[in-house]
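**Q** Here the protein sequences come in this chain order: A and B. Mind the numbering: the first sequence is residues 37 to 345 in the working numbering, read in order. Mind the numbering: the second sequence is residues 37 to 345 in the working numbering, read in order. Pasting in a structure now, in structure tokens, and then I'll have a few things to ask.
There are 2 protein chains.
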Amino acid sequence: MALLFHSSGDSPEAWKAALLALEPGLDFRIFPETGNPAEIEFALGWAFPPGALAALPNLKCLCSLGAGVDHVFRDSTLPKGLPVVRLVDDAMADDMGDWVALNVLRFHRRDPEYRRFQTERRWVRLDQPYAKDRRVGILGIGFLGQAVARRLSAFGFPLAGWSRRPKRVPGVESFHGPEQLDAFLARTDILAILVPATPATENLMDARRLARLPKGAAIVNAARGRIIVDEALLAALDSGHISVAALDVFREEPLPSEHPYWCHPKVLVFPHIAAYTDPETAAAQVVDNLRRARAGAPLQNLVDMQAGY
Amino acid sequence: MALLFHSSGDSPEAWKAALLALEPGLDFRIFPETGNPAEIEFALGWAFPPGALAALPNLKCLCSLGAGVDHVFRDSTLPKGLPVVRLVDDAMADDMGDWVALNVLRFHRRDPEYRRFQTERRWVRLDQPYAKDRRVGILGIGFLGQAVARRLSAFGFPLAGWSRRPKRVPGVESFHGPEQLDAFLARTDILAILVPATPATENLMDARRLARLPKGAAIVNAARGRIIVDEALLAALDSGHISVAALDVFREEPLPSEHPYWCHPKVLVFPHIAAYTDPETAAAQVVDNLRRARAGAPLQNLVDMQAGY
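Here you go:
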């Protein structure tokens, strides 16, 4: 059984080393050096070029090189019925939780205003609401969203989560489905976006939904760029309805140098660094699924291809 | 019994309203409108002018308008044996914990570098250590330091605390006394300073102690400006031994506009906003001590005048 690897952002050498440490005989190949396509039974990667996987007649499993699988759906030639799994990695969830908590705290403590005052050498003390009066909403309260909730609960923020289907998370007020989204947004002062990118979440935060947030709300996007309609966010920032946004993800990455986000005074730009996929911590679950695929056993962290995540 | 209030930074009206709501008959006077000095039995305030309290023959208690009492010791005419109490306020500890956690996370996630990259429109992804590999040290692990520890423990940072006397705090490695300070500093990547300002902590972080921190360490000062020797910190920042510092407190406040901290690229200046004293939450304990002083009962949150806090 051979494994085919492809990613433009991850190191094949690091993945090869981590996987071979656990599975010494593994035949690790790097796309496009596929060799005999019939020998490839497992694909590991991010955004294989369309058609690349359809050319593998004995492929048993595609493992996404991250928590998101939106890249998989961009390949319309993906073999029907091919099982797709994703990485569900504690280390990645921890990093995501840390990054989101940093930005929630930053906005809670009015840090952008203090940073501006420093450049002006101005000693200005602002009113500071208590954490108990700052409502944080987690849009997408799955594996990653719950890592955020665990951290923020130590601060006393009133927490709510929104998910497609009802979910019970201790200490988090639960909202679900499209019909409860407006109510969720209306009670949210700081919105942390962690939903998977699917056809149902594309452009979810458009002008109408941004307007549902209370005036002065802040946004933290750790999910995918295309969940937010950029023009709507820029308009809401300029009108003051949204006070500030921390964005780690964009429709086009790297963010083009002429994009208005780069120099917008109310936007913090991050180069998609909230959570990295670390071969050291994630290799074990890849090897586990590799063995399961080989043995015909049920795969772990299988993607629901209907739901899109 | 009359109460005499003085502070240049707190609102007498807000304190009067909060105290009278709990003690409607209270004779609330604002310095220097002292009236008959013999009628004043309770003083509430911050940095009464030297001599002001010595002029009150029947004063039974001085209550500091905050957690710190260093301002009390600047008055050499303070009557010997006058009981001094301080505010020990959960809301203040929560705010302090939030602000310190924000700055620890900021440095952990290399945020200052990303902020600079944004100004240069550069998409640069840096290595990111795990929280479990980032050792946080809390210099002063009392009431406020423990509020910091509770928050940071949700992130998985290895935590240590240093205090004058041994203290056991769950999940926090304990160091104490001058003889263990160097070992505490040597294991600390991000140092959060929360010790009270006393003769023993003045200039505690001098060039020698800063050099004990590992190369690249970060500093968060939420305590008092004079715990750090400014010239030593500036030199350590310029040499790169200390990578960055978030400072909420200074030897002179407001920080003079010509001070090098204002425009130092590795210093974040805050105008002493980590935690405010809120009359709404703190009035109850002032009234409690007022009644105790009146009844001759033991006071709460009494300051150890030998230790200086």
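Glycine is no exception: its CB is placed at the ideal position from the N, C-alpha and C atoms.
Helix, strand or coil for Gly197 of chain B, going by three-state DSSP, please let me know.
**A** In this structure, Gly197 of chain B counts as strand in the three-state DSSP scheme.
**Q** Going by beta carbon distance, what residues of the same chain come within less than 6 Å of Ala254 of chain A, once the five residues before and after it are set aside?
**A** Excluding sequence neighbours, Ala254 of chain A sits near Phe143, Ile226, Ser279, Val280.
**Q** So Arg65 of chain B is in the beta strand (DSSP E); what residue range does that whole segment cover?
**A** 63-66 is the extent of the beta strand (DSSP E) around Arg65 of chain B.
**Q** Would you say the region 70-84 of chain A touches the region 41-50 of chain A, given that touching needs at least three Cβ pairs under 8 Å?
**A** The answer is yes - the region 41-50 of chain A touches the region 70-84 of chain A, with three or more Cβ pairs under 8 Å.
**Q** How long is the line joining the alpha carbons of Ala411 of chain A and Leu246 of chain A, rounded to whole angstroms?
**A** Coverage of chain A is limited to positions 37 through 345, which leaves residue 411 of chain A absent and any answer about it impossible.
**Q** So Arg200 of chain A packs on Gly213 of chain A, CB below 8 Å; how close in whole Å?
**A** Right, the Cβ-Cβ distance comes to about 7 Å (below 8 Å), so this counts as a contact.
**Q** In the DSSP output, which residue or residues are listed as bridge partners for Phe179 of chain B?
**A** In DSSP, Phe179 of chain B forms no bridge with anything.
**Q** What are the residues that DSSP puts in a beta bridge with Met241 of chain A?
**A** According to DSSP, Met241 of chain A bridges with A:Ile264.
**Q** Hey, is Ile264 of chain B's beta-carbon within less than 8 Å of any beta-carbon in chain A?
**A** Taking Cβ atoms only, chain A never reaches closer than 8 Å to Ile264 of chain B, which makes this a no.
**Q** Just curious, the alpha helix (DSSP H) that Gly133 of chain B is in, first and last residue?
**A** Unbroken alpha helix (DSSP H) run through Gly133 of chain B: 126-144.
**Q** Near Asn325 of chain B, which residues of its chain fall below 7 Å by C-beta distance, leaving aside the five closest residues on each side in sequence?
**A** Correct list, in chain order: Cys97, Cys99, Val121, Leu335, Gln336.
**Q** Using DSSP's beta-bridge definition, name the partner residues of Leu80 of chain B.
**A** BP columns for Leu80 of chain B point to B:Phe41, B:Cys99.
**Q** Are Glu288 of chain A and Ile263 of chain A close, meaning C-beta to C-beta below 8 Å?
**A** No.
**Q** Measure the CB-CB distance between Ala310 of chain A and Trp135 of chain A and report whether it falls below 8 Å.
**A** Cβ atoms of Ala310 of chain A and Trp135 of chain A: closer than 8 Å.
**Q** Just confirm the distance between the C-beta atoms of Ala190 of chain B and Val208 of chain B, as a whole number of angstroms; I'd bet it's less than 8 Å.
**A** Incorrect: roughly 13 Å between the Cβ atoms, too far for contact.
**Q** Please name the residues in the region 144-155 of chain B whose beta-carbon is closer than 9 Å to at least one beta-carbon of chain A, in chain order.
**A** Listed by position along the chain: His144, Arg145, Arg146, Asp147, Tyr150, Arg151, Phe153, Gln154, Thr155.
**Q** Can you find a C-beta in chain A that's less than 8 Å from the C-beta of Gln164 of chain B?
**A** At least one chain A Cβ lies under 8 Å of Gln164 of chain B.
**Q** For Leu92 of chain B and Gly252 of chain A, I'd like the C-alpha separation in whole angstroms.
**A** Their backbone Cα atoms lie some 49 Å apart in a straight line.
**Q** Please determine, among A:Phe306, A:Asp130, A:Leu249, the residue with the shortest C-alpha to C-alpha distance to Arg171 of chain A.
**A** Checking every option, the nearest Cα to that of Arg171 of chain A belongs to A:Leu249.
**Q** Taking the C-alpha atoms as reference points, what is the distance between Ala137 of chain A and Glu75 of chain B?
**A** Taking the straight line from one Cα to the other gives about 51 Å.
**Q** Is there a C-beta anywhere in chain B that falls below 8 Å from the one on Asp101 of chain A?
**A** The question names Asp, yet the displayed sequence has Leu at residue 101 of chain A. Cβ-Cβ to chain B under 8 Å: no for Leu101 of chain A.
**Q** Who are the near neighbours of Ala54 of chain B in its chain, counting only those whose CB is closer than 7 Å to its CB and skipping five residues on each side?
**A** Taken in chain order, the residues that qualify are Pro315, Glu316, Ala319.
**Q** If we call anything under 8 Å between Cβ atoms a contact, is Gly71 of chain B one with Ala38 of chain B?
**A** A contact, by the Cβ cut-off of 8 Å.
**Q** Could you work out which residues of chain B lie near Pro290 of chain A, taking near to mean beta carbons separated by less than 7 Å?
**A** Per Cβ cutoff of 7 Å: Trp159.
**Q** Determine which residues share a DSSP beta bridge with His212 of chain B and list them.
**A** In DSSP, His212 of chain B forms a bridge with B:Ser199.
**Q** Whole angstroms is fine: what's the gap from Tyr312 of chain B's alpha carbon to Leu123 of chain A's?
**A** Straight-line Cα distance between these residues: approximately 44 Å.
**Q** Tell me, please, whether the CB atom of Ala331 of chain B is closer than 8 Å to any CB atom in chain A?
**A** With 8 Å as the cut-off, Ala331 of chain B does not count as an interface residue toward chain A.
**Q** For Asn325 of chain B, which three-state DSSP category applies?
**A** Asn325 of chain B: helix per DSSP, three-state reduction.
**Q** Which one or two residues does DSSP pair with Asn257 of chain B in a beta bridge?
**A** B:Ile229, B:Leu283.
**Q** Residues of chain A with a CB under 7 Å from the CB of Gly192 of chain B: which are they?
**A** Those within 7 Å of Gly192 of chain B in chain A are Asp130.
**Q** Could you compute how far the alpha carbon of Leu240 of chain A sits from the alpha carbon of Asp218 of chain A?
**A** Roughly 11 Å separates the two Cα atoms.
**Q** Start and end of the alpha helix (DSSP H) containing Leu217 of chain A?
**A** Note, Leu217 of chain A: alpha helix (DSSP H), 217-222.
**Q** DSSP three-state call for Leu270 of chain A: helix, strand or coil?
**A** Note: Leu270 of chain A maps to helix in three-state DSSP.
**Q** Starting from Ile278 of chain B, follow its DSSP beta bridges and name the residues at the other end.
**A** BP columns for Ile278 of chain B point to B:Ala253.
**Q** Output, in chain order, the set of chain A residues within a Cβ distance shorter than 8 Å of Leu141 of chain B.
**A** Neighbours of Leu141 of chain B on chain A, chain order: Asp134, Ala137, Leu138, Leu141.
**Q** Any idea if Pro232 of chain A is buried or exposed, counting beta-carbon neighbours within 10 angstroms, 16 or more meaning buried?
**A** It counts as buried.
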